[in-house]
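Last residue of the sequence shown: number 436 in the working numbering, and the count goes up by one each step with no gaps. Here a beta-carbon is modelled for each residue, glycine too, at the ideal position from N, C-alpha and C.
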Amino acid sequence: CAFCRTSLMPSSVPSSEPSNDPSSMPSSLPSNTPTHLPTPCTGKEMELELSTDYNYDETSWAVMDSSGTLLRKSNITYLRFTTYIENLCLGINQCYTFTIFDSFGDGLLVGNSGSYKLSWDGEEIKTGRNFAYEEVTLFGDTCFPTDPPSSIPSFTATPTTPPIALQIIPFQYSYQNGDPQGCCGGYYDDPSLNILNDGVKPTYISSTNGVAFDDYDHDYKPLLDLGAHCNVNKIEVSYIVNSVWAKYGVRKITCSSSSDEPNVGYDEWKYTASEVNTLEEGNGLHTFTISTNNWNDVRYIELSEVKTFRESETIINEVTVYGSVLATPTTSPVPSVLPSSSLLPSLSTVPSLIPSIVHSDEPSAVPSTNPSLNPSASTNPSSKLSAVPSGCISTPTSNCCGNGICDSDEGYTSCPADCGVVEFFVTMDAGNGSYG
């Protein structure tokens with residue numbers, strides 16, 4: 001159009017036909033359709049429907065993956081008696097953890113209108129409202145097996161060594177840096193030394209179930225005595241968070257160990273392990289794990305360092321040690337008191353029948369009935385004289401050393417060639433192991 005001009009201002013009356021040229025000024029009215037559509041979820045969607053109760057400001061929640069990485073948490077201030085819907089797109093073939101918290105410990109019960117519903121990929125998996133301080137739900141594709149194996153797996157007949165069973169190792173303990181300081185009518189002390197090893201993990205703080213630790217004057221350094229040498233795989237420390245009482249979570253724990261009992265201020269530990277907590281938890285019971293897979297042959301473990309969030313106190317109520325007790329070493333065999341075989345005569349020279357175990361230096365009044373012991377059956381005495389060892393009697397009679405017979409006038413000292421075996425058992429001194 002030769003005489004057409006582009007308007008610098010939009011017309012107050014809409015044109016019956018759209019202009020071919022764009023307006024130089026943006027329209028003051030919003031578009032009826034969004035410029036860009038929402039990005040579709042390429043994985044699966046978690047949906048949380050949360051209805052707050054009267055105490056709306058006590059509620060929060062968090063989602064973590066299997067490695068403990070925080071993926072999403074509540075980041076708005078909720079209103080009373082209001083329903084909220086949160087959606088989160090997550091990857092498939094993983095396992096996730098959803099945790100809902102209530103800082104006062106009464107769940108979503110106040111006002112009888114609070115509740116929550118958790119769904120995964122369009123399917124409802126959890127509802128709740130009465131959960132005290134917190135409630136944890138696992139969800140995802142790999143948290144639990146869903147399909148049975150297609151066939152019975154084959155097995156080999158080759159025997160394998162079974163793994164050593166991981167067990168809870170009991171212990172006694174004492175404090176190396178002063179006894180816990182109680183307050184408020186008996187809270188946070190440990191007069192009977194039984195709070196950390198009683199096997200109880202309470203979810204709330206009472207006057208008898210926890211010890212207060214911090215980075216400063218409440219650094220008590222409890223020393224655990226396992227009672228035997230052990231291989232230790234992990235240590236769990238359980239604690240309670242109550243933000244209303246300014247009792248917060250553990251930020252870092254360092255454990256040290258040794259085979260022998262250390263002195264106070266001991267700094268030459270056999271092993272040391274530390275773990276750092278990157279996520280500050282909500283109210284309730286929590287457990288912190290310190291990995292110690294390389295701790296071999298230890299008996300004493302010290303909680304050398306306990307650091308908390310917000311430079312406040314944390315209430316520890318239980319320590320659990322997992323591992324295996326080492327087998328008691330086998331006692332070395334006692335050296336034999338028997339003389340060397342080179343000192344004993346060959347068995348072929350010992351008579352098959354021994355008339356008496358007890359040797360007598362006096363001749364027997366009763367002649368032996370064994371032909372081999374009869375003097376008349378002996379060979380020519382003169383022929384035995386050359387076989388007499390030095391130190392033996394050398395009288396050329398039938399009772400002569402070297403004839404293979406321990407005669408009545410021979411002994412181990414005078415004739416070990418004939419009397420060695422019999423005389424050894426008779427004259428060995430049971431008191432000092434010497435021989436006659």
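Which residues DSSP lists as bridging residue i, in chain order
i      : result
His218 : His218 pairs with nothing; no bridge assigned.
Glu268 : Answer is none; Glu268 lacks a bridge partner.
Lys456 : This structure cannot settle anything about residue 456, because the visible part of the chain is limited to 1 through 436.
Lys201 : Lys201 is not bridged to any residue.
Ser258 : Tyr300
Ser174 : Leu223
Ser274 : Thr254
Asn231 : Ser324
Ile240 : Leu285 and Ile315
First through last residue of the beta strand (DSSP E) which encompasses residue i
i      : result
Trp61  : Thr59 to Asp65
Glu318 : Thr314 to Val325
Trp295 : Gly284 to Thr308
Phe139 : Glu134 to Gly140
Thr52  : Here Thr52 belongs to no beta strand (DSSP E), and DSSP marks it neither H nor E.
Ser102 : Per the sequence shown, residue 102 should be read as Asp rather than Ser. Element bounds for Asp102: Cys95 to Asp102.
Leu88  : Thr83 to Leu90
Leu196 : Careful: Leu196 lies outside any beta strand (DSSP E) and carries neither H nor E.
Val211 : Val211 to Phe213
Leu166 : Run containing Leu166: none; DSSP gives neither H nor E here.
Lys247 : That residue, Lys247, is in no beta strand (DSSP E); it is neither H nor E in DSSP.
Leu70  : Leu70 to Lys73
CB-CB length for residue i against residue j, believed under 8 Å
i      : j      : result
Leu166 : Gly323 : 7 Å
Leu109 : Met46  : Wrong, their Cβ atoms sit about 24 Å apart, outside the cutoff.
Phe139 : Phe98  : 6 Å
Lys201 : Ser258 : Not really, about 27 Å apart at Cβ, beyond 8 Å.
Leu70  : Ala62  : 6 Å
Exposure of residue i, with buried meaning 16 or more beta-carbon neighbours within 10 Å
i      : result
Asp418 : buried
Pro416 : buried
Phe288 : buried
Ile315 : buried
Leu79  : exposed
Gly178 : exposed
Asp190 : buried
Phe144 : exposed
Tyr216 : exposed
Thr82  : exposed
Thr42  : exposed
Cys183 : exposed
Asn93  : exposed
Pro40  : exposed
Pro149 : Note that Pro149 has pLDDT 48, beneath the 50 cutoff, so the model's placement of it is unreliable and no number is given.
Asn317 : buried
Ser390 : Low confidence applies here, because Ser390 scores a pLDDT of 43, under 50, leaving its location unreliable; read the following figure in that light. It counts as exposed.
Tyr185 : Checking the sequence, you will find Gly at residue 185 rather than Tyr. Exposed is the call here.
Thr379 : Low confidence applies to Thr379: its pLDDT is 43, below 50, so where it sits in the model is not reliable enough to give any reading.
Minimum Cβ-Cβ distance from residue i to chain D less than 8 Å
i      : result
Phe288 : In the structure shown, chain D does not exist; there is a single protein chain.
Worksheet item: Three or more beta-carbon pairs under 8 Å between the stretch 275-283 and the stretch 102-113, yes or no?
Response: In this structure the stretch 275-283 lies against the stretch 102-113, because at least three pairs of beta carbons, one per stretch, are closer than 8 Å.
Worksheet entry | the stretch 200-209 touching the stretch 166-175, judged by at least three CB pairs closer than 8 Å | The count of Cβ pairs closer than 8 Å, one atom from the stretch 200-209 and one from the stretch 166-175, stays below three, leaving the stretches out of contact.
Worksheet entry | the stretch 244-258 contacting the stretch 303-310, beta-carbon criterion three pairs below 8 Å | The stretch 303-310 and the stretch 244-258 touch, with three or more beta-carbon pairs separated by less than 8 Å.
Worksheet entry | Three or more C-beta pairs below 8 Å linking the stretch 239-246 and the stretch 223-231 | A contact between stretches requires three or more CB pairs, one per stretch, nearer than 8 Å, and the stretch 239-246 fails this requirement with the stretch 223-231.
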